[in-house]
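Visitor: Before anything else, here's the structure in question.
In my numbering, the protein residues as written are 10 to 81.
Quick look at the structure:
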């Protein structure tokens, strides 16, 4: 179980992009949903994820792509 420090949701076309910061990690965890979800800030979650790279303006950033997230 990991504790969520920050949870941000933003609309991109038809999808809601979610970014979660986890206590003890410097890398953001990202996932997409079709509907907005309640804020996970302060919640304990179980995650299944893998590392991935995102290129923004020619600069590569590492993030964790979330496959499954469950509230604990």
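Idealized CB from N, CA, C, for every residue including glycine.
In chain order, what residues of the same chain lie with their CB nearer than 6 Å to the CB of residue 59, ignoring the 5 residues before and after it?
Guide: For the purposes of this step, residue 59 is taken as the residue at position 50 of the chain shown. For residue 59, where only same-chain residues beyond five positions count, the Cβ hits under 6 Å are 74.
Visitor: Give me, in chain order, the residues of the same chain whose beta-carbon lies closer than 7 Å to that of residue 49; leave out the 5 immediate sequence neighbours on both sides.
Guide: Taking the first residue of the chain shown as 1, we reach residue 49 at position 40. Contacts found: 13, 16 and 29.
Visitor: Whole angstroms is fine: what's the gap from residue 25's alpha carbon to residue 41's?
Guide: Within the chain shown, the letter at position 16 stands for residue 25. Within the chain shown, the letter at position 32 stands for residue 41. One C-alpha to the other measures close to 6 Å.
Visitor: Hey, would you say residue 36 sits closer than 8 Å to residue 11, going by beta carbons?
Guide: In the chain shown, residue 36 corresponds to position 27, counting from 1. In the chain shown, residue 11 corresponds to position 2, counting from 1. No.
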